[in-house]
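Undergrad:
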Amino acid sequence: MILYASPPSSIIFSKRNAPQQATPIRPSPSNCARQSSQEAPNGANPKPLSPFPRLFCHNHCSCICGRRLFIEAAATSLFPLSSSMASSNSSSDYTTILNKVHPPKPDWYEDFYASVLANGMKLYEAEIADYKSQMFATLRGKAQKVLEIGIGAGPNLKYYAGEEGMKVYGVDPNPKMEKYAREAAQNAGLPADNFEFKQAVGEAIPLPDASVDVVVGTLVLCSVSNVDMTLKEVKRVLRPNGLYIFVEHVAAEEGTVLRFVQDVLDPLQQLVSDGCHLTRRTGQSISEAGFSNVDLNMASFSNAAFINPQVYGVAHR
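Residue numbers 16 to 332, in the numbering used here, belong to the letters of the sequence shown in order.
(1) Closest to Ile112 by C-alpha separation, out of Ser317, Asn308, Gly217, would be which residue?
(2) Is it buried or exposed for Phe127, if we count other Cβ within 10 angstroms and need 16 for buried?
(3) Could you tell me the alpha carbon to alpha carbon distance between Thr233 and Val279, rounded to whole angstroms?
(4) List the residues that DSSP assigns as beta-bridge partners of Gln214.
(5) Does Leu236 come out as helix, strand or coil in the three-state DSSP assignment?
(6) Would you identify the three-state DSSP class for Ser21, choosing helix, strand or coil?
(7) What is the residue span of the beta strand (DSSP E) that Leu162 lies within?
(8) Relative to the C-alpha of Gln325, which candidate in Asp310, Thr297, His331 has its C-alpha closest?
(9) May I ask which residues mark the beginning and end of the beta strand (DSSP E) holding Ile260?
(10) Can you look up Lys157 in the DSSP assignment and give me helix, strand or coil?
(11) Is it the case that the Cβ atoms of Phe321 and Tyr139 are separated by a distance below 8 angstroms?
(12) Name the residue from Val161, Lys157, Pro190 whose alpha carbon lies nearest to the alpha carbon of Asp122.
(13) Whole angstroms is fine: what's the gap from Cys291's alpha carbon to Ser238's?
(14) Near Asn171, which residues of its chain fall below 8 angstroms by C-beta distance, leaving aside the five closest residues on each side in sequence?
(15) Give the straight-line distance between the Cα atoms of Ser300 and Leu293, rounded to the nearest whole angstrom.
(16) Output the boundary residues of the alpha helix (DSSP H) element that contains Ile220.
(17) Would you mind reading off the limits of the alpha helix (DSSP H) that contains Asn134?
(18) Use the C-beta contact count for Gln284: other C-beta atoms within 10 angstroms, 16 or more gives buried, fewer gives exposed.
(19) From which residue to which residue does the alpha helix (DSSP H) around Arg197 run?
(20) Are the beta-carbon atoms belonging to Tyr195 and Ala141 less than 8 angstroms from one another?
(21) How about the region 192-210 and the region 251-262: do they share at least three Cβ pairs that are nearer than 8 angstroms?
(22) Can you tell me which of the three DSSP states Asp281 falls into?
(23) For Gln159 versus Met181, is the C-beta spacing smaller than 8 angstroms?
(24) Per DSSP, what kind of secondary structure is Asp289 in: helix, strand or coil?
(25) Using C-beta distances below 7 angstroms, list every residue in its chain close to His117, excluding the 5 sequence neighbours before and after it, in chain order.
(26) Rounded to the nearest angstrom, what separates Glu263 and Arg155 at their Cα positions?
(27) Just to check my reading of the structure: Ala176 and Gly204 have Cβ atoms closer than 8 angstroms, yes? What is that Cβ distance to the nearest angstrom?
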């Protein structure tokens, strides 16, 4: 079902909070497209880092919807996490947090949702393939240990899991995703012993501090209970200078038809799509999470319906 379709467009900005510099991906000339104002952080300095259409961001909307504030406050009260929580917690602690954030659902629902993700996203994955290929190309020869949060059916594994000696940890709260993720890992050439599936949530990642070279997350921050807490966990498990590769859908610009549709459908989307929110400003959250450098781009995809626009890029630990 397509409620909104537009040609792919993109913006790019780079945020630097520390001296480390990212290795840019050089652009090719293309037409500009308009960015949603709420996704552009203050003081962002545009830099051509991508072969996709470019636009400089001008303003930043700092307001955050009341729904997100309520959800994040509730999540924090349920399970306050310290910066080194995962390294000191037992498996029972992770299970407790998992059950609070992602209460157990009937097997038929988990099976059905896993099947939908495995089989219902093929057109979208085909459309975004060039974007993902560009991002994951930065990992070649640089990553031995990779964590993918919200791994789902494993659509990203084919882009990076073929490297010799690579170890991949796949985290997802839905245990029914494992069979699809393992099949995707096998098809990508990853030995079975080098893939480990962990049933967990992004707010409490069951890995030690500074234990992975790369964290991957695509279309996952829309459905976590606490975005900022998840990003803190991403930073915690990344080694110094490690990379966070992301693709996330965000709220459309205020006053647009698409944003009206998102506002109307948001409660239903959360109910039927395992907690997925349509109006989060995830690009803002990533850019303000304290990474040393964030290369953030924006695009819209005709096969993504109302989960547009989307931000994608690489953040440096």
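From the three backbone atoms N, C-alpha and C, an ideal C-beta is built for every residue, glycine too. Nothing here was measured: the structure is a model prediction, and the numbers come from that model.
TA: On the basis of the coordinates in this document:
(1) For Ile112, the closest C-alpha among the options Ser317, Asn308, Gly217 is that of Gly217.
(2) exposed
(3) 24 angstroms
(4) Bridge partners of Gln214: Asp187.
(5) coil
(6) No answer about Ser21 holds up, because its pLDDT of 39 lies below 50 and its placement is not dependable.
(7) 160-164
(8) Thr297
(9) First-last of the beta strand (DSSP E) with Ile260: 253-264.
(10) coil
(11) The beta carbons of Phe321 and Tyr139 sit no closer together than 8 angstroms.
(12) Of the listed residues, the one whose Cα sits closest to Asp122 is Pro190.
(13) 4 angstroms
(14) Cβ neighbours of Asn171 beyond the five flanking positions: Lys147, Phe151, Glu163, Val231, Thr233.
(15) Our two residues, Ser300 and Leu293, have alpha carbons roughly 15 angstroms apart in a direct line.
(16) Per DSSP, Ile220 belongs to no alpha helix (DSSP H) and is neither H nor E.
(17) 122-134
(18) buried
(19) Counting along the chain, the alpha helix (DSSP H) containing Arg197 begins and ends at 193-202.
(20) A distance of 8 angstroms or more separates the beta carbons of Tyr195 and Ala141.
(21) no
(22) helix
(23) yes
(24) coil
(25) Taken in chain order, the residues that qualify are Pro188, Val216.
(26) 23 angstroms
(27) 7 angstroms
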